[in-house]
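Asks:
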Amino acid sequence: MVMEDKCITVNQFEQSMEILSGAIHTILTTELGYQSICGKWVPHKLSENQRLARLNIAKKLFETYENCDSLRLTEIITGDETWVYYSKPYSKYEKRTCLRSDEQPAEIPRPDFRKSKIMCTIFFSSHGVVLQLPCESCKAVTATFFTEQVLPNLIKNIEKYRPKTGIRGMKILIDNASSHSAKLSKDFLDVEGLELLPHPPYSPDLAPCDIWLFPKLKIYLQGKDFNTLQALRTGLYQYFKSIPEEEYRNVFYKWVERLKLCVSAGGDYFE
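In this note's numbering, each residue's number is its place in the sequence shown (first place is 1) plus 789.
Below is the structure:
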């Protein structure tokens, strides 16, 4: 029965076979070696073409950066967009307290996130954050905004900390969002001479922003309350500056390791 239906329950076994649940549990776990395990979330149900794209691109990038020294990794700059909240209160679960039976829990106002968030584009290298660009009017970053605001400001900031070489030799790693993959964006990068590294579709597990910076930023913002855009800018700037350079550098080594895991998994998502 368990071979025919992996989701069958002990109660269903008990009803159909008239065996006590304790005996069924012992047979399934001890004698047959079964466990009750939840399914795992994945970013996307990959088609065969998408799996092969992940495999081929991960293999190409891994072969390029597998044995490189830290100097080669400093040539990569990566970034993406994320929603940043002016006010990000703790949830009622995160503010749980121990109370006696005669005490009342604190009241926590339900936040209205629709009115308190802003789209922010963030780029970083192995040295630290190079660009943080909030967009007050953006509900989504368009190719026009990306080429007229994001990329010019990014290049200007790169040239500030690399006055001798500028963007020469630099490579940009971004995902396949429509604003990033648009012809307008690719043409801009070609004209400026900023090489675009390939990134497979549906692969947040291979994006340094998604695997490290944005989760880290989310934790920092928890419980923060910024009243103005300038206060938010300052808070983000100070936070990014407080992260040791070693952490920025290590995420690129982690990225290379994840490329290897993707190749080992044949392009499928991996643990």
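Where is the CB? At the ideal position from N, CA and C, for every residue including glycine.
Note down, one range per segment and in chain order, each beta strand (DSSP E) of at least 3 residues found wholly within the segment 925-963.
Replies: Segments of the beta strand (DSSP E) lying fully in the segment 925-963: 960-962.
Asks: By the 10 Å Cβ neighbour count, where 16 or more other Cβ atoms means buried, how is residue 1056 classified, buried or exposed?
Replies: Result: buried.
Asks: Across which residues does DSSP place residue 909 in a beta bridge pair?
Replies: The partner list for residue 909 (beta bridge, DSSP) reads 871, 923.
Asks: Determine the direct distance from the alpha carbon of residue 1058 to that of residue 991, and round the result to whole angstroms.
Replies: The straight-line gap from Cα to Cα measures roughly 10 Å.
Asks: Which same chain residues end up closer than 6 Å to residue 971 when comparing Cβ atoms and leaving out the 5 residues on each side of it in sequence?
Replies: Hits under 6 Å: 932.
Asks: Could you have a look at residue 1055 and say whether DSSP puts it in helix, strand or coil?
Replies: The answer is coil: DSSP assigns residue 1055 none of H, G, I, E or B.
Asks: When DSSP labels each residue in this structure, what does residue 1024 get in the three-state scheme?
Replies: Here residue 1024 sits in helix by DSSP.
Asks: Apply the 10 Å Cβ neighbour rule to residue 1037 and answer buried if 16 or more other Cβ atoms are within range, or exposed otherwise.
Replies: Residue 1037 is buried by the Cβ-count criterion.
Asks: Give every residue of the same chain whose Cβ lies closer than 6 Å to the Cβ of residue 1045, excluding the five residues on either side of it in the sequence, and list them in chain order.
Replies: 854.
Asks: Is the segment 974-992 touching the segment 1003-1023, taking contact as three or more C-beta pairs under 8 Å?
Replies: Not touching, per the Cβ criterion.
Asks: What first and last residue would you give for the alpha helix (DSSP H) that runs through residue 837?
Replies: Its alpha helix (DSSP H) spans residues 837-854.
Asks: Can you check which of these residues, 928, 845, 961, 836, is closest to residue 985 by C-alpha distance?
Replies: Of 928, 845, 961, 836, the residue nearest in Cα terms is 961.
Asks: With C-beta atoms as the reference, is residue 958 less than 7 Å away from residue 948?
Replies: No, the pair does not count as a contact, with Cβ atoms beyond the cut-off.
Asks: State yes or no: is the C-beta of residue 905 within less than 7 Å of the C-beta of residue 874?
Replies: Yes, they are a contact pair.
Asks: Judging by CA-CA distance, which residue of 995, 1026, 966, 1053 is the nearest neighbour of residue 773?
Replies: As displayed, the chain neither begins before 790 nor continues past 1060, which places residue 773 out of reach and without an answer.
Asks: Take residue 841 and list the residues in its own chain whose beta-carbon comes closer than 8 Å to its own, dropping the five residues that flank it on each side.
Replies: Excluding positions up to five away in sequence, the list reads 1056.
Asks: Give every residue of the same chain whose Cβ lies closer than 6 Å to the Cβ of residue 963, excluding the five residues on either side of it in the sequence, and list them in chain order.
Replies: Only 969 meet the Cβ criterion.
Asks: Would residue 812 be called buried (16 or more neighbouring beta carbons within 10 Å of its own) or exposed?
Replies: Looking at its Cβ environment, which holds fewer than 16 other Cβ atoms inside 10 Å, residue 812 is exposed.
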